[in-house]
Amino acid sequence: MMRYSRIIGTGGYLPEKIVTNDDLSKTLDTSDEWIQTRTGIRQRHIAAPEQETSDLALIASQRALANAGLAASDIDLIVVATTTPDMVFPSTACILQDKLGIHNSGAAFDVQAVCSGFMFALATADRMVASGMAKNALVVGAETMTRILDWNDRGTCILFGDGAGALVLQASETPGILSTHLHSEGRQRHILNAPGQVRDGRIYGTPFIHMDGGAVFRFAVQVLAESTQEALAHNGLQPSDIDWLVPHQANARIMDATAKKLGVPPERVINTVAGQANTSAASIPLAMDHGVRHGCFKSGQLLALAAVGGGFAWGASLVRWG
Ligand code: COA
Numbered sequence: 000m001m002r003y004s005r006i007i008g009t010g011g012y013l014p015e016k017i018v019t020n021d022d023l024s025k026t027l028d029t030s031d032e033w034i035q036t037r038t039g040i041r042q043r044h045i046a047a048p049e050q051e052t053s054d055l056a057l058i059a060s061q062r063a064l065a066n067a068g069l070a071a072s073d074i075d076l077i078v079v080a081t082t083t084p085d086m087v088f089p090s091t092a093c094i095l096q097d098k099l100g101i102h103n104s105g106a107a108f109d110v111q112a113v114c115s116g117f118m119f120a121l122a123t124a125d126r127m128v129a130s131g132m133a134k135n136a137l138v139v140g141a142e143t144m145t146r147i148l149d150w151n152d153r154g155t156c157i158l159f160g161d162g163a164g165a166l167v168l169q170a171s172e173t174p175g176i177l178s179t180h181l182h183s184e185g186r187q188r189h190i191l192n193a194p195g196q197v198r199d200g201r202i203y204g205t206p207f208i209h210m211d212g213g214a215v216f217r218f219a220v221q222v223l224a225e226s227t228q229e230a231l232a233h234n235g236l237q238p239s240d241i242d243w244l245v246p247h248q249a250n251a252r253i254m255d256a257t258a259k260k261l262g263v264p265p266e267r268v269i270n271t272v273a274g275q276a277n278t279s280a281a282s283i284p285l286a287m288d289h290g291v292r293h294g295c296f297k298s299g300q301l302l303a304l305a306a307v308g309g310g311f312a313w314g315a316s317l318v319r320w321g
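0 is the number of the first residue of the sequence shown in numbering that gives the first Met the number 0; add one for each residue after it.
Printed below as a string of structure tokens:
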């Protein structure tokens, strides 16, 4: 009886173009020292003008499929988490499905929960696979966040980068994904948003990211730790059972504070933010892929994934590896 899903492959893609903090300081009143001290970020990758979000997703997905030893035709579900879709519609997942050459096989759709989007995509795909609706799912986080940044706003433009990560989930008799716990609080939507709207052929309001950095920081640390505790309690586990914490890669200080609250030592935290900045929904699958490629995760280990983002929306998931 297949009651669970488990991760059988990971893949990631970061665009070739790198912009360092020093590069930014040439046109912006900032410095490498300020950015590194406040965020831990050293550089970010930026998609080429002709690269769409689905193009980043395509490469990450192909790598995840190769890592899983599956062909694209084995996939019968695609869930893409993105805040920066190729277009208003169709979904980036449908575009990705076509670019992967998958036809007449299962569903493809997007979910949107900004930087926590991957947790929502993972929970959706996990439950669909566990219930028998799909056998092999591609769960993708893909973003071109740098396209919705105001490059004159030093409080936000230093924080984000582009990229995509993908996991392949397969139906399994044993877990896999132990459980995922999701939350949203729309009352906090004003502290992080991009309030522009496409209407009557025009953009109304600002299409750029707007943020109250301090409020976001406090909220993020609180809910990342809380939702991880919730997931642990649900499974009768303790923070000391966590072998690897894989947090949303927003900011090194947020990750450090979350790990400290949970009592997870720094060497047990996957941290890719220095080289990639905040890639929004892509950050968790990119961090997972980083962990896999660096041989971090051993069979039987417990991974705690946790993310938070605009909405506000947040969630945590526990994964038994291998
Ligand atoms: N370079 C130099 N100075 C900067 C700057 C930059 N890139 N950005 C802001 N400053 C300045 C501010 O203008 C302010 O100057 P002032 O005191 O003269 O007004 C000063 O630095 C302090 O600004 P403040 O916003 O209070 O800094 P902070 O210590 O809160 O750090 C963030 C700002 C954005 C790094 C921090 O709030 C943060 O990381 N928040 C969470 C953001 C995040 O992760 N968002 C995504 C969540 S999914």
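Ideal Cβ positions, reconstructed from N, Cα and C, are used throughout, including at glycine.
Residue i CB to nearest heavy atom of the ligand COA below 8 Å
i: V216; result: In the sequence as presented, Val is not what sits at residue 216; that position holds Phe. Under cutoff, so the answer is yes.
i: G212; result: yes
i: W33; result: yes
i: G309; result: yes
i: L181; result: no
i: H209; result: no
i: N250; result: yes
i: G154; result: yes
i: I253; result: yes
i: S279; result: yes
i: L301; result: no
i: T227; result: no
Proximal residues to residue i (C-beta, below 6 Å), its chain only, five neighbours per side dropped
i: P238; result: L261 and G262
i: S282; result: H247 and Q248
Where residue i falls: helix, strand or coil (DSSP)
i: I190; result: helix
i: M210; result: strand
i: F216; result: helix
i: T205; result: coil
i: N135; result: strand
i: E266; result: helix
i: Q275; result: helix
i: L304; result: strand
i: A165; result: strand
i: Q196; result: strand
i: E225; result: helix
i: A312; result: strand
i: F296; result: coil
i: G39; result: coil
Close beta carbons around residue i, own chain, < 7 Å, minus the five adjacent residues each side
i: L181; result: M118, F119, A122 and G314
i: R153; result: L27, D28 and T29
i: D161; result: P14, H44, I45, A46, L55, E142, T143, M144, T145 and T278
Opposing strand residues paired with residue i [DSSP bridges]
i: I45; result: K16
i: I34; result: Beta-bridge pairing links I34 to no other residue.
i: L55; result: DSSP output for L55 lists no bridge partner at all.
i: H180; result: A315
i: F159; result: N277
i: I77; result: A107 and L137
Distance between residue j and residue i (C-alpha atoms, nearest Å)
i: L57; j: V128; result: 21 Å
i: G185; j: N192; result: 11 Å
i: R126; j: P174; result: 12 Å
i: N151; j: F207; result: 11 Å
i: L148; j: C156; result: 6 Å
i: F159; j: A286; result: 15 Å
i: D21; j: Q35; result: 11 Å
i: G290; j: P264; result: 16 Å
i: Q226; j: S115; result: Residue identity differs from the one stated: residue 226 is Ser in this sequence, not Gln. Between S226 and S115, the C-alpha separation is close to 12 Å.
i: Q300; j: K16; result: 35 Å
i: W320; j: A276; result: 26 Å
Beta-carbon contacts of residue i that lie in its chain and below 8 Å, excluding the five residues immediately before and after
i: R267; result: I241, D242, W243, L244 and A258
CB contact below 9 Å: residue i versus chain B
i: E142; result: Absent from the structure is chain B; it holds one protein chain and no more.
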